[in-house]
Amino acid sequence: MKTHVVFLILVTIMLTVSAVSHPKFYDPFEGSTYKSDSNKIDFIEGYIGLGAHFNSDDSFIRYPGHILPSVQGTIEFFWKPPENFYELYSYRHKKWKDFYGHKPPSSAFLLDNIGWRAAPKGSFIFHLSPINWQNPESPDGIISWSLWDGRKWHPASKSFSNRPTLQARVEDGKILLSWSSKKPIWLWDSSKWYKFTLSWRPKGNILYVNGEEWAKGDYTGSICNSKSFSLGQDPGYWPYGPHSMLGIYDEFKVYDKQFEPERIHDSSYPVGYIIYYGTQPGNYSHSVEVGNIDKYELDLPPGVYHISIAAKTDSGFVGPLSKEVVVEVKKTRESEEGWILNPESGHLYKVISCGTWGECEREAVKQNAHLVTINDEEEQRWLLKTFGTNPYWIGLTDYKEEGNWRWISGEAVTYTNWFVGEPDNSNFGEDYAVMNLKEVGKWSDIGPHSSEWKQVKKAILEKIPFKKVKPRVPKERPKYYDDFSSDSGMWEYVGSARRDPIKKYIVLVDSYNKVGLVWFKKPINFPFVVEFRCKTSKGNADGFTFMFYKKTDYEPGSGGYLGFVTTVNKPVSGYGIEFDDWSNEWDPKSAHVALIKDDVKDHLVYNTNVRINDGKWHDVRVVVSYYGVRVYIDGDEVLRWDGKFDTTYSGFGFSGATGLGGSNTYIIDDVKIYLK
């Protein structure tokens, strides 16, 4: 009995597959079939072999109606949009005549058999309108498979948007963008093929796109097969203007069954967006690619900006632009309190009276700034024009390594303007650069033993406009997450560092004169966000660091070296967020958070008003972009530095150390890594 049942099921499946896989009518478009009944088409590479290229507004292929089964059936074909699809179909066409008071865009038919006048029962249309033909400014379009019962149409239709609606407002000197759409965004991607499947009765008229059911109508009558029909639009049927859907058509098939088609796992839903902006209407000199999000923040210099946005598919196809929004960013309070904005760089500058190079840099750090970095001749000219010809300290120094001049901001040295014969280190320790000393605009190296040392009493500071803000919490899941409840295998432990299997967190050090490092085994050398929880006992030495873009092959030093440099205090390339609770001679204060580079003595920026060695858990978030870093503790921004990072190395992890004179315990837990 079971054998007969299985046999019956197999026969039924085979008959069903056979009915679907063998169409009643098949046109492969190999350049001959129904070519005599075609207009303005040619044959080029298609989905399989050749395809019919509709290259004119009134391109069409006419088929005899008798190839359609009257009672029930399915039409299926492939279509690829033209490359300039949205340019062709999103604007009012010069050939269009007025229609009910409108001059619509060339919303186009892919398939129809109607003349619009006295259409017989069972007439049908399949059309795609990229935008609303009654309102070309609307982002919404429609695709519809409709049949006529003699009195009304029965559409299986679905609306979609081809672009989001953009909103913008200015808050605290930043442009806050958000976008949305009332309908799902779907882009007709000119690099992709779409399979359309149109069926009728007994389940109603159903429209499928790529095998996915898009819409369903309630028409259950027969289809008209007593008159010819067109793939495309016969211009004789429609007197108001060109109406064919251009592109490439292939594999046209007609079946005498209604069936659910095989799905094509491809999509034209957006995977991201591109924000375009500039200072002139419709002229966008800048663009920013963002992920599949609905909010973004632009931090731009004061000015009037014209902004638009477009959706992008996984193939890189970019849809039409949204309606432009215009916003004005006004001067920030900072720019009015002695700071002057350079409109080219977007940075703020000012002159201070401060004393020696070191005293000026320390004062700069207090103002969340640094001694000026001069990146090119244009910036040099702007500084001279703005601040005059007095001698000024600038942020160039070789105090770490004689002859290796570096900007204190960490930016690469891409431009210099030394006085003739400089730098010469003619007096011992000429490690600091000054501008306008011997000639206007030229740079000189001087030091404490130079006769000019006390002549220079001013400096030019530089920073990016700063506003203290709460961190934005990512909506996406982290790329990597470890709560240390088990050994994930993602970390390499060095020295005293270990995972505590009972308390389920990382212990970097927990006794005197120890050093412990934890390295993430995967390289991280591009922008990221890291979140972690940390806890420090109430001891007094020495501290721990979160390290990134760091060289990893070195023997870490304990005590004040924090495991960040070698046992003999030799610098190691890379960056660290330093959480220090002991004051060495090079530190600004015992309790501080700082950004350090290569060396524990090299503080790019620090904050002495932060204390975490209180025996409590703290939430830390570090945002690293190509142009700077933001550090948040318990939701408050505590550190900010703007500059370009050296991403030569990709070490990523934590270090902690204690010395002979003090002890502490440093604990890390719940590490989340988001890759931007």
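Mind the numbering: the sequence shown is residues 39 to 714 in the numbering used here, read in order. Idealized CB from N, CA, C, for every residue including glycine.
Excluding the 5 residues flanking residue i on each side, which residues of the same chain have their C-beta closer than 6 Å to its C-beta?
i, result
"residue 610", "589, 592 and 603"
"residue 614", "583, 585, 602 and 634"
"residue 568", "660 and 711"
"residue 324", "315"
"residue 436", "442, 443 and 469"
"residue 509", "The predicted position of residue 509 is uncertain, since its pLDDT is 48 and thus under 50; a value taken from the coordinates is nonetheless stated next. Around residue 509: 659 and 670."
"residue 394", "none"
"residue 519", "710"
Within the continuous beta strand (DSSP E) that includes residue i, where are the two ends?
i, result
"residue 600", "Careful: residue 600 lies outside any beta strand (DSSP E) and carries neither H nor E."
"residue 262", "Premise fails: residue 262 is in no beta strand (DSSP E) and is neither H nor E."
"residue 114", "111 to 118"
"residue 645", "637 to 645"
"residue 522", "First-last for residue 522: undefined, no H or E at that position."
"residue 585", "581 to 588"
"residue 685", "Note, residue 685: premise wrong, no beta strand (DSSP E); not H, not E."
"residue 193", "191 to 199"
"residue 341", "341 to 350"
"residue 205", "203 to 209"
"residue 536", "536 to 538"
"residue 656", "655 to 663"
"residue 220", "First-last for residue 220: undefined, no H or E at that position."
"residue 335", "333 to 336"
Just mark residue i as buried or exposed, buried being the case when its beta carbon has 16 or more other beta carbons within 10 Å.
i, result
"residue 632", "buried"
"residue 343", "buried"
"residue 317", "exposed"
"residue 205", "exposed"
"residue 374", "The predicted position of residue 374 is uncertain, since its pLDDT is 49 and thus under 50; no value can be drawn from it."
"residue 651", "buried"
"residue 282", "buried"
"residue 696", "buried"
"residue 630", "buried"
"residue 60", "exposed"
"residue 408", "buried"
"residue 257", "buried"
"residue 694", "buried"
"residue 461", "buried"
"residue 493", "exposed"
"residue 466", "exposed"
"residue 111", "buried"
"residue 303", "exposed"
"residue 654", "exposed"
"residue 411", "buried"
Assuming residue i and residue j form a contact by the criterion Cβ under 8 Å, report the distance between their Cβ atoms to the nearest whole angstrom.
i, j, result
"residue 347", "residue 421", "Not a contact, Cβ separation roughly 36 Å."
"residue 712", "residue 566", "6 Å"
"residue 113", "residue 149", "7 Å"
"residue 99", "residue 269", "4 Å"
"residue 105", "residue 63", "4 Å"
"residue 547", "residue 704", "6 Å"
"residue 687", "residue 587", "6 Å"
Among residues of its own chain, excluding the 5 on either side of residue i, which ones have a beta-carbon nearer than 7 Å to its beta-carbon?
i, result
"residue 701", "549, 550, 577 and 579"
"residue 85", "116, 231, 288 and 289"
"residue 219", "177, 199, 202 and 203"
"residue 376", "388"
"residue 397", "none"
Check whether the Cβ of residue i lies closer than 7 Å to any heavy atom of the ligand FMN, and answer yes or no.
i, result
"residue 177", "With respect to the ligand FMN, the structure shown offers nothing to examine, as it has no ligands at all."
Just to confirm the assignment, what range does the alpha helix (DSSP H) spanning residue i have?
i, result
"residue 417", "415 to 425"
"residue 398", "395 to 404"
"residue 126", "123 to 127"
Can you name, in chain order, every residue of its own chain whose Cβ lies under 8 Å from the Cβ of residue i, other than the five neighbours on each side?
i, result
"residue 391", "495 and 496"
"residue 507", "The predicted position of residue 507 is uncertain, since its pLDDT is 45 and thus under 50; a value taken from the coordinates is nonetheless stated next. Counting only Cβ-Cβ distances below 8 Å, and skipping sequence neighbours, we find 210 and 675."
"residue 175", "361"
"residue 645", "630, 631, 632, 676 and 677"
"residue 81", "67, 68, 69, 88, 89, 90 and 91"
"residue 425", "387, 389 and 498"
Would the region 329 to 337 count as touching the region 203 to 220 if we require 3 or more Cβ pairs under 8 Å? yes
Does the structure place the region 453 to 473 close enough to the region 483 to 501 that three or more beta carbon pairs sit under 8 Å? yes
Does the contact criterion of 3 or more C-beta pairs under 8 Å hold for the region 551 to 566 versus the region 530 to 543? yes
Are the region 666 to 676 and the region 537 to 547 touching by the rule of at least three beta carbon pairs closer than 8 Å? no
Report yes or no: do three or more beta-carbon pairs, one from the region 298 to 308 and one from the region 350 to 360, lie closer than 8 Å? yes
Contact between the region 160 to 171 and the region 249 to 267: three or more CB pairs below 8 Å? yes
Below 8 Å, can you find three or more Cβ-Cβ pairs linking the region 187 to 194 to the region 249 to 256? yes
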